[in-house]
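Going by this note's numbering, the sequence shown wraps up at 459, each residue one higher than the last.
Every residue gets a Cβ at the ideal spot worked out from N, C-alpha and C, and that includes glycine.
Remember, it's a predicted structure, so these values are computed and weren't measured experimentally.
For reference, the structure is listed below as structure tokens.
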Amino acid sequence: MRLVSTNNPSIEASWREAVLSGLAPDGGLYLPAQLPSFSAAELQRFRSLSFPELCTELAAAFLGAEVPHSTLAQICQESFSFPLPLRAISDDISVLELFHGPTCAFKDFGARFMSRLFRHFWGIQAKPLTVIVATSGDTGGAVANAFFDPSPSAPIRVAVLFPKGKVTPVQEKQMTALGGNVTAFEVDGTFDDCQKLAKQALADEDLLSRAALTSANSINIARLLPQMFYYVYASLMLADSEAPIVSVPSGNLGNVTGGLMAKAIGAPLHHFVAALNANRTFEAFLQSGRFLPQPSIETISNAMDVGNPSNLARISALYAASMSEINSHLSAFSITEAETIETMRSIYQDSGYILDPHTAVGVAALRRFKANERSSRNAIVAATAHPAKFAHVVKRAIDREPPLLPQLSAILNAPGRKVPLSNSFRSLKEAMIR
């Protein structure tokens, strides 16, 4: 399967080329030239598979020509070694708990799959590969954990860019406490600034002549692909009901893009809701048809604080830039912090279930969509982070803190190391070529 740039479909690449470069040469994002399609009979067969087995089948449809099936099976077994439960919180709403991986966030799915695919494609070379990643919260910790290698001659290194003062203490420690081949840069700016610096690095010819660079953000197709897998799995878990609505807490739009790809290949999924916080660039785009990036706004659901979402380019390409097509498959709603807190409180009072603030945005947006459509259709909310990562917000909402997981307690007590960085590409470049 060939991949093409969202900017220019005549620019093609193999999976190896796309994964190891991150961005297309013209600055576009890679997307399959044509998506595979699965019949109802094939989906029925998939229902008997475990999640890693299902992921292997799906991955083979995309990567089969470049990665042996046995290698894909091993990658999927190693990457997805944690549970993926679907829990009902009301008569018609369930949450798909995507936070049971090592860093307690949905980013573990993409990061762990990506790290193993990188190692397969890169192999052992004299020149190390540097993976650069910008994060608004959870991505950095997941990527750092997935790629961590304590050996002094690690073939792959990680550079994490995170915005100073805009991540939680747990999120910061998950990026700064590992050491080894992971370097955490604390950028004096926002997530959008971090993302801009990462893109500049990937496009700088002088830097690329000195170092092998790639990206681990969802701009890299290797991280986006496994975000499709769990939506197919969730649709099969609800095999006896009609196709559900799916609400996805959204920032850079990679997670909801994975869901739309799952729907496009045949998974029985009715409609998607992109749940946004005060950063409502995408909602404005769906309403006006114009993409007008805005400076990001800091919120209690910080992993979604994105004012210039990169994956809008993929969504547009999936539907051939047709606004009517996009709107028929996807809606977006912006949720205030007051609504977020109230949703956390009401769900806890009604069901005893504790939501993190990102998942609460997903529930609130779903409720608004269902009210507008007067729909009683079953629905799924992607639960993107464990509430213990945002204990201070949970405490504010329900007057109790969630249990602190052992892996989070251990990381909080570990010493951290970060490199202060001004918001300039020159500073980043100098730091990376030292």
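Just curious, the alpha helix (DSSP H) that residue i is in, first and last residue?
i    : result
V419 : A416 to I423
R267 : Before going further, note that residue 267 is Glu rather than Arg in the sequence given. It is not in any alpha helix (DSSP H) - E267 carries neither H nor E in the DSSP assignment.
L343 : L337 to L343
V168 : D163 to F172
V92  : No alpha helix (DSSP H) holds V92; DSSP gives it neither H nor E.
A309 : T306 to S313
S46  : W40 to S46
A202 : Per DSSP, A202 belongs to no alpha helix (DSSP H) and is neither H nor E.
R451 : F450 to M457
T282 : G279 to A289
M369 : E362 to S376
D330 : No alpha helix (DSSP H) holds D330; DSSP gives it neither H nor E.
I need the straight-line Cα distance from residue i to residue j, nearest angstrom please.
i    : j    : result
K414 : L278 : 21 Å
Y255 : A389 : 22 Å
P127 : S35  : 39 Å
S359 : Y373 : 22 Å
P431 : R459 : 37 Å
I290 : L261 : 14 Å
A247 : Q150 : 20 Å
T282 : I340 : 6 Å
N448 : D213 : 5 Å
A342 : G190 : 35 Å
A237 : E267 : 47 Å
E362 : E197 : 22 Å
E78  : F87  : 15 Å
G284 : A49  : 23 Å
D231 : R421 : 49 Å
F188 : T215 : Looking at the sequence provided, one finds Pro at residue 188 rather than Phe. Going from the Cα of P188 to the Cα of T215 covers about 5 Å.
P274 : S356 : 12 Å
R315 : V386 : 24 Å
A171 : A136 : 6 Å
A90  : Y55  : 17 Å
F146 : A292 : 29 Å
G377 : L294 : 28 Å
V158 : P61  : 29 Å
Using DSSP bridges, identify the partner residues of residue i.
i    : result
L83  : In DSSP, L83 forms no bridge with anything.
Y256 : DSSP output for Y256 lists no bridge partner at all.
T155 : R182 and L238
I118 : A404
S30  : Y55
V273 : A299
P110 : Per DSSP, none; premise fails for P110.
F187 : E211
E37  : V29
A130 : A410
Looking at the unbroken beta strand (DSSP E) that takes in residue i, where does it start and where does it end?
i    : result
V444 : V444 to L446
P57  : Y55 to P57
H296 : H296 to L301
S359 : L355 to S359
F210 : V207 to V212
A396 : Taken as a continuous stretch (DSSP letters only), A396 belongs to no beta strand (DSSP E), being part of the alpha helix (DSSP H) at P382 to E398.
Exposed or buried, what is residue i when buried is set at 16 or more other beta-carbons lying within 10 Å of its beta-carbon?
i    : result
N397 : exposed
N33  : exposed
R464 : The structure shown does not extend to residue 464, since the chain is modelled only from 26 to 459, so the question has no answer here.
S234 : exposed
N438 : exposed
P428 : exposed
T201 : buried
P108 : exposed
Q69  : exposed
S434 : exposed
I322 : exposed
S30  : buried
A338 : buried
Q312 : exposed
K288 : buried
D375 : exposed
Q59  : exposed
S240 : buried
G332 : buried
L317 : exposed
P334 : buried
S75  : exposed
So, does the CB of residue i fall closer than 7 Å to a CB anywhere in chain C?
i    : result
A247 : The displayed structure is made up of one protein chain only, and chain C is not part of it.
Item to complete: Inspect the CB distances between the stretch 107-120 and the stretch 215-226 and report whether three or more fall short of 8 Å.
Response: Short answer: they don't touch.
Worksheet entry | Segment contact, 8 Å Cβ cut-off, at least three pairs: the stretch 442-452 with the stretch 202-219 | Per the Cβ contact rule, the stretch 442-452 is in contact with the stretch 202-219 (3 or more Cβ pairs under 8 Å).
Worksheet item: Should the stretch 118-132 be called in touch with the stretch 401-419, which here means at least 3 C-beta pairs below 8 Å?
Response: Taking 8 Å as the limit for Cβ pairs, the verdict is that the stretch 401-419 does touch the stretch 118-132.
Worksheet item: Do the stretch 322-330 and the stretch 154-173 make contact, defined as three or more Cβ pairs closer than 8 Å?
Response: Contact between the stretch 322-330 and the stretch 154-173 is present, with at least three C-beta pairs closer than 8 Å.
Discussion item. Using a Cβ distance threshold of 8 Å, determine whether the stretch 88-104 contacts the stretch 363-371, with at least three qualifying pairs required.
Written reply: Touching, no.
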